[in-house]
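Input: a single structure, listed below in structure tokens.
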């Protein structure tokens with residue numbers, strides 16, 4: 116009775132947390148993403164699966180981090196600054 120779906124998260128949502136729209140059998144819902152979520156993490160939407168004899172199943176949402184295919188010069192510069200900050204702390 117469970118339904119499985121994968122959703123692509125933007126990097127900032129995966130790192131900082133936030134809301135991600137997820138399609139369900141009854142329409143879209145906003146799923147709260149905790150900060151520091153990794154690709155491959157599965158989250159549960161209770162009662163959003165197929166209807167069955169004992170109630171509705173759950174929807175299992177697999178998070179996939181979306182990597183941008185192209186970056187603006189400003190985005191590239193910001194990612195380089197983030198990389199430099201991480202190298203200092205390691």
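Numbering (my numbering), first residue to last: 116 to 205. No residue lacks a Cβ here, since even glycine has one placed at the ideal position from N, Cα and C. Since the structure is predicted, the reported quantities are computational estimates derived from the model, not experimental observations.
{"query": "Take residue 127 as the anchor and find which of 199, 161, 203 and 179 has the nearest alpha-carbon.", "result": "179"}
{"query": "Please confirm if the stretch 186 to 198 is in contact with the stretch 135 to 145, defined as three or more CB-CB distances below 8 Å between the two stretches.", "result": "no"}
{"query": "In the DSSP assignment, find the alpha helix (DSSP H) that holds residue 150 and state where it starts and stops.", "result": "Run containing residue 150: none; DSSP gives neither H nor E here."}
{"query": "Based on the DSSP secondary-structure assignment, which residues constitute the bridge partners of residue 145?", "result": "136"}
{"query": "In this structure, what does DSSP give as the bridge partners for residue 195?", "result": "For residue 195, which the question treats as bridged, DSSP gives no partner whatsoever."}
{"query": "Residues in its own chain within less than 6 Å of residue 116 by CB, not counting five upstream and five downstream?", "result": "164, 165, 167 and 172"}
{"query": "Looking at the unbroken beta strand (DSSP E) that takes in residue 124, where does it start and where does it end?", "result": "118 to 125"}
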